[in-house]
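S.K.: Structure in structure tokens, see below.
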Amino acid sequence: MKLGVFELTDCGGCALNILFLYEKLFDLLEFYEIKEFHMASSFKEHDHLDVAIVTGTVSCQRDLEVLRHARNYSNYLIALGTCATHGSVQGAVEGKIRDKLEKVYGTRANTMKALDPKPVVEYVAVDFALPGCPYDKMEIYQLLIDLAKGVEPIKKDYPVCIECKLNEYECVLVKKGLPCLGPITVGGCNAICVKSKLGCIGCRGPLPKEANPAGEFEILRNLGYDEEYLRRKFKTFARGELRW
Amino acid sequence: MILELGEFTRVEGNGKAEVIIENGEVKEARVKIVEGPRFFELLTLGRYYWDVPDLEARICAICYLAHSFASVLGIENAFGVKVPEEIQLLRELGLIGEILESHSLHLYLLVAPDLFGYPDAIRMASKHGEIVREGLALKAFGNYIREVIGGREIHGINVKPGGFGRYPTEDELEKIDKSCDALLRFAKRAVNIFATQEVFGAVPEYHIATDGYLYGEKLIASDGERFDYFEHIEEKSLPYSFAKQSHYKESVFMTGALSRLMVKSDRLTPIAKELFEQHREKLSRGNVSLNNLAQAIELVYSLERAKEIVGKLLDHGVKGENVPIEPKEGEGIGYVEAPRGVLIHHYRIDENGNITYSNIITPTALNHALMELSLYEEARKHYGAVDENFLKHKLEETVRAFDPCISCSVHLVRL
Chain A
1 MKLGVFELTD CGGCALNILF LYEKLFDLLE FYEIKEFHMA SSFKEHDHLD VAIVTGTVSC
61 QRDLEVLRHA RNYSNYLIAL GTCATHGSVQ GAVEGKIRDK LEKVYGTRAN TMKALDPKPV
121 VEYVAVDFAL PGCPYDKMEI YQLLIDLAKG VEPIKKDYPV CIECKLNEYE CVLVKKGLPC
181 LGPITVGGCN AICVKSKLGC IGCRGPLPKE ANPAGEFEIL RNLGYDEEYL RRKFKTFARG
241 ELRW
Chain B
1001 MILELGEFTR VEGNGKAEVI IENGEVKEAR VKIVEGPRFF ELLTLGRYYW DVPDLEARIC
1061 AICYLAHSFA SVLGIENAFG VKVPEEIQLL RELGLIGEIL ESHSLHLYLL VAPDLFGYPD
1121 AIRMASKHGE IVREGLALKA FGNYIREVIG GREIHGINVK PGGFGRYPTE DELEKIDKSC
1181 DALLRFAKRA VNIFATQEVF GAVPEYHIAT DGYLYGEKLI ASDGERFDYF EHIEEKSLPY
1241 SFAKQSHYKE SVFMTGALSR LMVKSDRLTP IAKELFEQHR EKLSRGNVSL NNLAQAIELV
1301 YSLERAKEIV GKLLDHGVKG ENVPIEPKEG EGIGYVEAPR GVLIHHYRID ENGNITYSNI
1361 ITPTALNHAL MELSLYEEAR KHYGAVDENF LKHKLEETVR AFDPCISCSV HLVRL
């Protein structure tokens, strides 16, 4: 199988996390031949790919061209990480691009063709969307192995709370009144931030279907948290997707 | 004529360079950062201070703890909070983990393939598997420390103003202690490997670092000045890049591993000190490629220093008490040494604890002018004498020596 890793605008973590597989990375190489991965290799071959992994948000014209190339040249496209699936923190910065450029660079001129940051899923059809800021590295390992073996990958559809309970961590929302977004956030991280006795900040994006963000919002408001504070907290990783 | 270098590979983030040639002579070299802007300063405006370090961490995955800690220090300085030795030591330990993780990534996976003539470490592993695996072992250990202190390998949220969410257990500290001994010979071997690297790149006029080895209250420069960044560092925007360029007293300067060794070698641990003395003459030439040898010496320093810190913590026992914080109006700066150099977070906070001003300056931005000067000098040296592909390769190696982090550099700005 031929694999390409394409980075749009992001912190580099989602590509880096693939390298953090260490010995398991060598296991993947039993199935995959890396045709492009600019963080890790100077080797590059324009070729049709079986799997393209795309990380980051589309934040400038260059990103859009890279994304279109990745889509057009691949059978499967994986949007990897919350930037690619939901927009993440950089997608959460409000305002129009020229206003932001003026505030930060002191000019409205957009010579570098910056765009309002949006997730990959808003521009192209993706075959798999694996969120997480970053995702758990074993998730991408499993997904790539499943694809190589022709097994249908399993999609996580439960909240962070499930894994929190399995680890028997103390509930920081109920016991300490911390603004924990675990109940409305997709699981898969093994509730690692609650292990630190801190509330989930929602980095894996909102849980679709049964989640009740309005209820969560109400509970936190009753605990005395400011509405504006909560509104921003809810939207930090997911560009206003949560309604309440 | 413009000689275009396609997007850099084996660096973090997306950047390019172009060399402008007129009448057969190299006229100018530009480093262009083509990654989109990320506007982190706007992201944190109006946010409650407690949540800010978690957001700032996401500027960069390779050095997320440097960002978390710079953010925490800036916030604590704004509130006038002082933390006890235990928390200071744990913070230093976290930054050491990051140096180990980041330097070993850079040296073994990104630079070593140039030395051995391969396009990447994966292909290099077929012949030199042992070296690659030693690098991965160091990197995994650095990441283990980042997980223990930071809460996760990447973007953990355990680092908080006033202390930590969770403190390390005795078992975790003992595991760190044991690994330091086991890995030391790998780090020493790295020094030998990188001591053979060819010397290239420009020589900066000054070196800049923080006044403590991994973080501090002020910046220091190789001319003996101790200062706040806004006193002597001038930033300007560029029409062709999303990054800004900085000068110190109107001169080109450097920050990073080489700079730390040049201005702070008196703090080195015994074996690192010995290795530094052994290579002092070479390092003193100051060319940017020597940054790689300096990084290898810092691997040794990090293992020795981590052992000292863990020893102290185990002797005293970890109390795990956070310093309580009362938000009040204030202004503060955090100075941290990210693996690739000085990182600055500067905040103003209102009486409710919300951020009203934020300025972040990253090491890659600070090194931007020197990076262009290095490309210019290397291009002048080789243009016409070697074929174009070889020249491009040389120029990419020059950029890589800085261990640039482009994701970081695209939002280093003042509001």
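From first to last, the protein sequence lines are chains A and B.
What the first sequence shows, in my numbering, is residues 1 to 244, in sequence order.
What the second sequence shows, in my numbering, is residues 1001 to 1415, in sequence order.
All residues carry an ideal CB built from backbone N, CA and C; glycine is no exception.
Model, not experiment: these values are computed from the prediction.
By Cβ distance below 7 Å, which residues in the same chain neighbour residue 1077(B) in space, the five residues on each side in sequence not counted?
M.R.: 1332, 1333, 1334
S.K.: For residue 14(A), count the other beta carbons within 10 Å of its own beta carbon; 16 or more makes it buried, fewer makes it exposed. Which is it?
M.R.: buried
S.K.: Would you decide whether residue 112(A) is buried or exposed? Buried here means 16 or more other CB atoms lie within 10 Å of its CB.
M.R.: buried
S.K.: Checking contacts by CB at 9 Å: is residue 1038(B) closer than that to chain A?
M.R.: yes
S.K.: Would you mind telling me which residues of chain A sit closer than 8 Å to residue 1048(B), beta carbon to beta carbon, in chain order?
M.R.: Annotation: Cβ neighbours of residue 1048(B) in chain A (cutoff 8 Å, chain order): 229.
S.K.: Hey, how far is the Cα of residue 108(A) from the Cα of residue 1237(B)?
M.R.: Near 13 Å, if we compare the C-alpha coordinates of residue 1237(B) and residue 108(A).
S.K.: Go ahead and label residue 63(A) buried or exposed: buried means 16 or more other beta carbons lie within 10 angstroms of its beta carbon, across all protein chains shown.
M.R.: Classification for residue 63(A): buried.
S.K.: Can you check which of these residues, 166(A), 213(A), 83(A), 157(A), is closest to residue 181(A) by C-alpha distance?
M.R.: 213(A)
S.K.: Compile a chain-ordered list of the residues in the region 39 to 55 of chain A whose CB is closer than 8 Å to at least one CB of chain B.
M.R.: 39, 40, 41, 42, 43, 44
S.K.: Would you verify that the beta carbon of residue 8(A) is, or is not, closer than 9 Å to some beta carbon of chain B?
M.R.: yes
S.K.: Is the CB of residue 90(A) under 9 Å away from at least one CB in chain B?
M.R.: yes
S.K.: Measure the alpha-carbon distance for residue 1255(B) versus residue 1105(B) and round it to whole angstroms.
M.R.: 19 Å
S.K.: Can you say whether residue 1200(B) is buried or exposed, counting buried as having 16 or more other CB atoms within 10 angstroms of its CB?
M.R.: When all chains shown are included, residue 1200(B) counts as buried.
S.K.: Do residue 92(A) and residue 129(A) come within 9 Å of each other at the CB atom, strictly closer than that value?
M.R.: In this structure, residue 92(A) does not lie closer than 9 Å to residue 129(A) by Cβ.
S.K.: Label residue 1412(B) either buried or exposed according to how many other C-beta atoms from any shown protein chain fall within 10 Å of its C-beta, with 16 as the threshold for buried.
M.R.: Reliability fails at residue 1412(B), whose pLDDT of 39 lies under 50, so the model's placement of it is uncertain and no value is given.
S.K.: Would residue 14(A) pass as an interface residue toward chain B - the criterion being a Cβ-Cβ separation below 9 Å?
M.R.: yes
S.K.: Using a Cβ distance threshold of 8 Å, determine whether the region 1095 to 1109 of chain B contacts the region 1131 to 1148 of chain B, with at least three qualifying pairs required.
M.R.: yes
S.K.: Using 10 angstroms around the beta-carbon of residue 1226(B), count the other beta-carbons present and answer buried if the total reaches 16, otherwise exposed.
M.R.: exposed
S.K.: On a CA-only basis, which of 1311(B), 1326(B), 1110(B) is nearest residue 1093(B)? Give me that one, please.
M.R.: 1311(B)
S.K.: Between residue 1057(B) and residue 1384(B), what straight-line distance do the alpha-carbon atoms span, to the nearest angstrom?
M.R.: Within the model, the alpha-carbon separation for residue 1057(B) versus residue 1384(B) is close to 44 Å.
S.K.: Grouping DSSP H, G and I as helix and E and B as strand, with all else coil, what is residue 1048(B)?
M.R.: strand
S.K.: Output needed for residue 1428(B): all residues of its chain with C-beta closer than 6 Å, excluding positions within five of it in sequence on either side, in chain order.
M.R.: For chain B, the structure presents residues 1001 to 1415; residue 1428(B) sits outside this window and is missing.
S.K.: At the level of alpha carbons, what is the spacing between residue 1048(B) and residue 178(A)?
M.R.: The straight-line gap from Cα to Cα measures roughly 14 Å.
S.K.: Please name the residue, chosen from 1045(B), 1197(B), 1088(B), that lies closest to residue 1167(B) on a Cα-to-Cα basis.
M.R.: 1088(B)
S.K.: Tell me the start and end of each unbroken alpha helix (DSSP H) in the region 1043 to 1103 of chain B that is at least 4 residues and wholly inside, in chain order.
M.R.: 1052 to 1057, 1064 to 1079
S.K.: Closest by CA to residue 141(A), which one among 201(A), 33(A), 25(A), 160(A)?
M.R.: 25(A)
S.K.: Please state whether DSSP places residue 1290(B) in a helix, a strand or coil.
M.R.: In this structure, residue 1290(B) counts as helix in the three-state DSSP scheme.
S.K.: Please classify residue 1390(B) as buried or exposed, where buried requires at least 16 neighbouring CB atoms within 10 angstroms.
M.R.: exposed
S.K.: Evaluate residue 1349(B) with the Cβ neighbour count: other Cβ atoms within 10 Å of its Cβ, from every protein chain shown; 16 or more gives buried, anything less gives exposed.
M.R.: buried
S.K.: Can you list, in chain order, the residues of its chain whose CB lies under 8 Å from that of residue 1007(B), leaving out five sequence neighbours each side?
M.R.: By the criterion of a C-beta distance shorter than 8 Å, residue 1007(B) is surrounded in its chain by 1014, 1015, 1016, 1034, once the five residues flanking it on both sides are discounted.
S.K.: Where do the N-terminal and C-terminal ends of the alpha helix (DSSP H) with residue 82(A) fall, by residue?
M.R.: Counting along the chain, the alpha helix (DSSP H) containing residue 82(A) begins and ends at 82 to 86.
S.K.: Please identify the residue among 1321(B), 1303(B), 1326(B) whose C-alpha is closest to the C-alpha of residue 1185(B).
M.R.: 1303(B)
S.K.: Which whole runs of the beta strand (DSSP E) in the region 63 to 144 of chain A are 3 residues long or more, in chain order?
M.R.: For the region 63 to 144 of chain A, whole beta strand (DSSP E) runs of length 3 or above, ordered along the chain, are 74 to 80, 114 to 118, 128 to 130.
S.K.: Quick one, are the C-beta atoms of residue 198(A) and residue 1319(B) less than 9 Å apart?
M.R.: no
S.K.: Can you give the Cα-Cα distance for residue 244(A) and residue 234(A), rounded to whole angstroms?
M.R.: Because residue 244(A) sits at a pLDDT of 48, beneath the cut-off of 50, its placement in the model cannot be relied upon, and the following sentence gives the value as read from the coordinates. A straight line joining the alpha-carbon of residue 244(A) with that of residue 234(A) spans about 10 Å.
S.K.: Ignoring anything shorter than 4 residues or poking outside the region 1249 to 1333 of chain B, list the alpha helix (DSSP H) runs there in chain order.
M.R.: Listed in chain order, the complete alpha helix (DSSP H) runs (minimum 4 residues) inside the region 1249 to 1333 of chain B are 1257 to 1264, 1270 to 1283, 1290 to 1316.
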